[in-house]
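Sequence lines, in order, name chains V, P, F and Y. Quick note on numbering: the first sequence equals residues 1 to 388 in the numbering used here. Quick note on numbering: the second sequence equals residues 389 to 776 in the numbering used here. Quick note on numbering: the third sequence equals residues 777 to 1164 in the numbering used here. Quick note on numbering: the fourth sequence equals residues 1165 to 1552 in the numbering used here.
There are 4 protein chains.
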Amino acid sequence: MSNLSSDILDQLEQQAIELPSWAFGNSGTRFKVFATPGTPRDPFEKIADAAQVHEYTALAPTVALHIPWDRVDDYGVLRRHAEDHGVSLGTVNSNTFQDDDFKFGALTHEDAAVRRKAVDHHLECIDIMHATGSRDLKIWLAEGSNYPGQADLRGRQDRLHDSLAEIYARLGDEQRLVLEYKFFEPAFYHTDVPDWGTSYVQVAALGDRAMVCLDTGHHAPGTNIEFIVMQLLRLGRLGSFDFNSRFYADDDLIVGAADPYQLFRILFEVIRGGGFNHPDVAFMLDQCHNVEDKVPGQIRSVLNVQEMTARALLVDTGALRAAQQAGDVLEANRIFMDAFYTDVRPALAEWRESRGLPADPMAAFAASGYLAKIAADRVGGVQAGWGA
Amino acid sequence: MSNLSSDILDQLEQQAIELPSWAFGNSGTRFKVFATPGTPRDPFEKIADAAQVHEYTALAPTVALHIPWDRVDDYGVLRRHAEDHGVSLGTVNSNTFQDDDFKFGALTHEDAAVRRKAVDHHLECIDIMHATGSRDLKIWLAEGSNYPGQADLRGRQDRLHDSLAEIYARLGDEQRLVLEYKFFEPAFYHTDVPDWGTSYVQVAALGDRAMVCLDTGHHAPGTNIEFIVMQLLRLGRLGSFDFNSRFYADDDLIVGAADPYQLFRILFEVIRGGGFNHPDVAFMLDQCHNVEDKVPGQIRSVLNVQEMTARALLVDTGALRAAQQAGDVLEANRIFMDAFYTDVRPALAEWRESRGLPADPMAAFAASGYLAKIAADRVGGVQAGWGA
Amino acid sequence: MSNLSSDILDQLEQQAIELPSWAFGNSGTRFKVFATPGTPRDPFEKIADAAQVHEYTALAPTVALHIPWDRVDDYGVLRRHAEDHGVSLGTVNSNTFQDDDFKFGALTHEDAAVRRKAVDHHLECIDIMHATGSRDLKIWLAEGSNYPGQADLRGRQDRLHDSLAEIYARLGDEQRLVLEYKFFEPAFYHTDVPDWGTSYVQVAALGDRAMVCLDTGHHAPGTNIEFIVMQLLRLGRLGSFDFNSRFYADDDLIVGAADPYQLFRILFEVIRGGGFNHPDVAFMLDQCHNVEDKVPGQIRSVLNVQEMTARALLVDTGALRAAQQAGDVLEANRIFMDAFYTDVRPALAEWRESRGLPADPMAAFAASGYLAKIAADRVGGVQAGWGA
Amino acid sequence: MSNLSSDILDQLEQQAIELPSWAFGNSGTRFKVFATPGTPRDPFEKIADAAQVHEYTALAPTVALHIPWDRVDDYGVLRRHAEDHGVSLGTVNSNTFQDDDFKFGALTHEDAAVRRKAVDHHLECIDIMHATGSRDLKIWLAEGSNYPGQADLRGRQDRLHDSLAEIYARLGDEQRLVLEYKFFEPAFYHTDVPDWGTSYVQVAALGDRAMVCLDTGHHAPGTNIEFIVMQLLRLGRLGSFDFNSRFYADDDLIVGAADPYQLFRILFEVIRGGGFNHPDVAFMLDQCHNVEDKVPGQIRSVLNVQEMTARALLVDTGALRAAQQAGDVLEANRIFMDAFYTDVRPALAEWRESRGLPADPMAAFAASGYLAKIAADRVGGVQAGWGA
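Structure (structure tokens):
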């Protein structure tokens, strides 16, 4: 007998989580990137791996691309390759942090020629979006400075607006610009879009199809992230999530691995604010599987999001509102945590089976021999990573 | 021979820093409030103490009030008392954190009757502002919750807007509402105005005379505060500073005592953004002299701000811009730090003397015997503090 | 059918968590202490309240005292009062932060007369321990400084050793000294025992019966607390826990309320290191029920510890070790989190009933009418709090 | 007329700061390593660059090596090369974070064969030390885990002891083992030596010639680093500093660039504790010049340390002690900050000239044309970086 109602299961059935192509390539720290046998050598192999996640979970129907890492000669071919594997191409991510010209900025650079190059890169991304059928252009700006005095903070902010305005003007009517913020790294003194407030004022100055991307690992220690989720939904500007988790900085660990209760609170606010299964709010992963296997790392991640969403949907919101209105702190907290502590895994396993999916996707994938197969097949070539 | 040009000295001559009346009363931590002989027993004595700071420095011509701590029968009398002591009454600060009714919120409370009471308190503050000739109503909201689930974050945010709108509507044409944000404390899970972004979107929804107050101690660890200064000036919404300093949380130490270089960077951005000696941007102190003497603690503070402003004005902005444009990181940083490391104290002492002020205000005040005098005079009564 | 084996239940049956007497008095922040009807007015009423927690949970057989807050004329009477209520008196906590003489330190003070007074206070505590039958003298030092230069860090550390040595020498053969550390507050620049390392080197210099107390809220942001648990157990110096939880600083929230998974990891390391149900390691609460009811707040807390201990005992340590040895990151993490996600609450409820306890202690206590009774009975007098 | 006494100048004349060979190679973040023309291609060119720093400042007579990055066929040749350039070889740093075998640990690994390999690497380092004439073996352990459950924290700690003991046993009588700690990175859940306490207990278990290395960037946010300096000096275990600075995590910026006042406080405690110019306490740099030029970046760094040491030596310790003993907080802080705010740069420039050094080493180096020369000369080959 399931503890998940059919209404909850219906909502879960619509859940979709976009995978980042780069999660299937090698990643690491500045100290070392460990390689793994079977790592994809090109965007086609990344998509093949991503499709495995969807096959075992029915949770990950789209794959985000990163340009230039995923540049191919013919995006139509890549699109059909994805469709052949049962997935679609999703968000296109730009890159302004790996070209030598961008050492001191890109969209914010002092030099108009460098800004031109950076804007043009985004226009190319929009062209690719038309070819891939992507809706969203996601911009994470690594720009900033390392030393006080190095940069004129205010001038950069103004130039950022100008650059974004030109990019925004090029979007198709159904396309969106999503601006990510990040507390720090790779810049160590100032970052040009360091917080949700800056991302919000920049996108609000562009137009209705400009939104904020919230990466759960991009905040100062102690930040109440669910509060930001609430506020951005209230302002109608929450465009997407980059899910991952962290103990310290931007650790990019598996979502839900560091502080599961925080993930629960975030998903509760998404539901509370009408953002769950709403087209405005894209769920995406952005993780680095530095030491664990990549495909099962992504399977684990989408399952974590699904399980926690189920728990968040279990909150008895009527009783919770009554306790809140009565000022009954302990009862309100009890109702809230009761959902969190409910074990939804057996019910989800049963439900998966009823839909022709494996009850335990991790075990089923392990049993499939896929990792051994790609290790054997993918010999030679250069393993994909964050290389430009 | 001074290292401060006459242009810099002219700018410094206009500098004004508002003192908080409550800095002269007792303060402490939740563990203990230490009392000191001579502590004021009423608003009149607080203002007398504040006037000492101005007498020795010519830097602190106004005193902020806190209601209800500074309630008096006749504000006209208090106003004349201030003028007799050579100072004026300034910003009026409201208090929604010490009434039992406000245990679970005030402007955000679930209960309309409690919100009514909280709004009415602010309307009373506006009435007082008319009597005192104050321009600014400063609102720091201690509201929030201690446990996940305890409060409906979104509903509170909406109610906050409604309450603020009613207060804002009551302001006179020359008056302003300034909304302070704070990362945490006294609420330990969520705070209703936790960051500059929330304060900004709330005041932007009110009108042109609603502004943000930036308290330098109210941020997450590692936050780049000067970036926020830049952004709020760019958005035309930086209404005031609450200066203090901190090593950990909201420590409320003497401004410039914990990280002098951060204060330098903040003041540089104020100047860069046109906020120095601009009527929109009020400089205020908000400190707690828990273990040090209060009047000299305030003298030390305004001198710290003055000295650091002098250093920030010394930055060779032409050379700095050239180095920034050239991408010369080390030279830009050198120019920036050169101003910081310049010892402006002798030139300021000389300049003070030329204006009939003591070269060393701390020493002159100590020699005045004022502290011994108030310790002898102020016998009996109840020492002022944060009591409701 | 329970998911908790009889072996696990046997271990849980021995679990004991000491309650702090002060949790039943009023507490708050520096901004406001909210009062509640029925709050105890003396140590006898605090113990009566604490006994309620034990009555409904069988988890809290002892109550810690705080001197001078819990000073009585005859500790024998207090001891019998406790026994009459089914509990015993436990750890004695000293207080060196509320006497005016201790404004600049106590055990570390520059002035030998002040140190004498502070040491004598601890000798009095040891005398009380003989009367109450307490084993542990717990010392939390609020000492430190607010401004760089204010204090000589090194001299204070040496004086601390001398003071502690004199106190240690006075202990009975079965008694222990337990030294707590805290990152900051009430001192805002330096704290004399700020981290486990300092507490460790100080107690190691005293002798075998000096131990470290780990308060789960007393660390820098991001600190891996379970690592410290492991290290102190390895060194044989983990004397006790002060359980609570926090989002920001020393918030003193209900244990398990902020980051339940962290509590799980801590308890796992306690078990791993042999510290569970070991006489060396005392489990205690140290929380402030600022906005929630106090007796049910403590019931919730001991239940949280019990439930999380059950989950930690569920970890399949054999399988975990195999996965660790195989370098199977995802499988090791899965085994670990599987225990965390298991819902132990039904099995615990059933087990409670089998022992003659209420299945739901929170509901049973609420139904008892105790809070209404004490609100009606305890009229007049001064409510207990942190007053000296 | 100098504000630096001859006694202070005599002390400054003895100051020596060791440079890391790797500071002259390329470094960056996980996102990008920017290359610069003229970057050394081998250890010989690194040493030539390091010698420039000493030539212009007389502050940096030794260069630390990193194995395997600085492996050469004949260390005698490298030693003579250094001497020919006016410098000596210093500390040898081991590397256990870039070999694929060390993905899950090295000195702590579950597998005895991997531990053997890691220990052997250190034994090789000791052999190199004999050839280079180095006194110190510095061990920074990148070891840890990314996910709870992945590793057995306790077992790793015990294995760490065993491995270190074997390495320690191999040291010559005049050689030392210096163990560095780090809060996090590259491991994101647990790090095996995360804090000074762990480093201290590990080295204390080895013997008198095992010491702690304090890297100023390796602490949790808010940590009072000068307190740790005081404590390690008190315990006789402060072996060396890795100087750098940070705003967020381990940013590895130029020392003194982020929080100059913190550097002042640290150096004051070094002097207070007898660690200045004491053979036990080695001053070293460990920085990453990601965006600025490397040789002038190092010159700037040693000058920053020198200037701040001069300020710290200026503190009027007699007056400070008197103010501390009198409990005069404001006066003690004033005395302390007075030294910090004193501009020592003109006096140091004059003193440098009197010793035949350039008054402005940064300008003199820039005028030398060295950077243009190495950019022209060092064509072809592979630029040195953190590559294994």
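All residues carry an ideal CB built from backbone N, CA and C; glycine is no exception.
Measure the C-alpha to C-alpha separation of residue i and residue j and round it to an integer number of angstroms.
i: G25 (chain V); j: F878 (chain F); result: 60 Å
i: E331 (chain V); j: I1030 (chain F); result: 13 Å
i: R234 (chain V); j: M1060 (chain F); result: 42 Å
i: A220 (chain V); j: A1413 (chain Y); result: 11 Å
i: A530 (chain P); j: F492 (chain P); result: 10 Å
i: P970 (chain F); j: K958 (chain F); result: 5 Å
i: A60 (chain V); j: T867 (chain F); result: 55 Å
i: A776 (chain P); j: P574 (chain P); result: Legend: pLDDT at A776 (chain P) = 49, less than 50; position of this residue unreliable, value from coordinates given subsequently. Each residue's Cα considered, the two are about 16 Å apart.
i: V1158 (chain F); j: L854 (chain F); result: 19 Å
i: Q402 (chain P); j: W386 (chain V); result: 54 Å
i: V732 (chain P); j: S628 (chain P); result: 26 Å
i: R625 (chain P); j: M599 (chain P); result: 5 Å
i: Q1339 (chain Y); j: R1542 (chain Y); result: 36 Å
i: A16 (chain V); j: I1292 (chain Y); result: 57 Å
i: P819 (chain F); j: V848 (chain F); result: 8 Å
i: L795 (chain F); j: A1160 (chain F); result: 16 Å
i: S1169 (chain Y); j: I902 (chain F); result: 53 Å
i: W1515 (chain Y); j: F31 (chain V); result: 41 Å
Which same chain residues end up closer than 6 Å to residue i when comparing Cβ atoms and leaving out the 5 residues on each side of it in sequence?
i: A1215 (chain Y); result: H1249, G1250 and V1251
Got a sec? Which residues, its chain only, sit under 7 Å from residue i by beta carbon, not counting five neighbours each side?
i: L400 (chain P); result: Q694, T697 and A698
i: F1428 (chain Y); result: M1472, R1475, A1476 and F1504
i: Y261 (chain V); result: F340
i: H161 (chain V); result: Q202 and A205
By Cβ distance below 8 Å, which residues in the same chain neighbour residue i in space, the five residues on each side in sequence not counted?
i: F34 (chain V); result: N26, G28, N290 and V291
i: G297 (chain V); result: A23, I254, Q287 and H289
Enumerated in chain order, which unbroken segments of the alpha helix (DSSP H) with a length of 4 residues or greater are wholly contained in the segment 1034 to 1094 of chain F? For the segment 1034 to 1094 of chain F, whole alpha helix (DSSP H) runs of length 4 or above, ordered along the chain, are 1036 to 1048 and 1070 to 1089.
Can you list the beta strand (DSSP E) stretches of 3 or more residues lying completely in the segment 118 to 205 of chain V, in chain order? 136 to 140 and 176 to 180
Give the residues from the segment 1027 to 1059 of chain F that approach chain V closer than 9 Å (Cβ to any Cβ), ordered along the chain. I1030, G1032, A1033, A1034, D1035, P1036, Y1037 and Q1038
Is it the case that the segment 1484 to 1492 of chain Y contacts the segment 1138 to 1153 of chain F, given that we only count it when at least three CB pairs across the two stretches are under 8 Å? The segment 1138 to 1153 of chain F, when compared against the segment 1484 to 1492 of chain Y, does not touch it at the 8 Å Cβ threshold.
If we count Cβ pairs, one from each stretch, closer than 8 Å, do we get three or more for the segment 1290 to 1301 of chain Y versus the segment 1330 to 1349 of chain Y? yes
Could you please tell me which residues of the segment 510 to 535 of chain P, in chain order, have their CB closer than 7 Å to any CB of chain F? A530, N534 and Y535
Please list, in chain order, the residues of the segment 981 to 998 of chain F that have any C-beta partner in chain Y closer than 8 Å. H995, A996, P997 and G998
Going along the chain, which residues of the segment 672 to 688 of chain P sit with their C-beta nearer than 8 Å to a C-beta in chain Y? Those residues of the segment 672 to 688 of chain P that come within reach of chain Y (Cβ to Cβ, closer than 8 Å) are V679, E680, D681, P684, G685 and R688.
Do the segment 1257 to 1266 of chain Y and the segment 1278 to 1296 of chain Y meet, that is, are 3 or more Cβ pairs less than 8 Å apart? yes
Entirely within the segment 1229 to 1271 of chain Y and at least 4 residues each: give me those alpha helix (DSSP H) ranges in chain order. 1239 to 1248
Looking at chain F, which residues of the segment 169 to 199 of chain V have a Cβ within less than 8 Å of any of its Cβ atoms? none
Could you list the residues in the segment 872 to 887 of chain F with a C-beta less than 8 Å from some C-beta on chain P, going in chain order? For the segment 872 to 887 of chain F, which is checked against every Cβ of chain P, the residues closer than 8 Å are F873, Q874, D876, K879 and F880.
Taking beta-carbon pairs under 9 Å, can you tell me which members of the segment 444 to 472 of chain P lie near chain Y? none
Tell me which residues of the segment 408 to 420 of chain P have at least one Cβ-Cβ distance to chain F shorter than 9 Å, keeping chain order. S415, G416, T417, R418, F419 and K420
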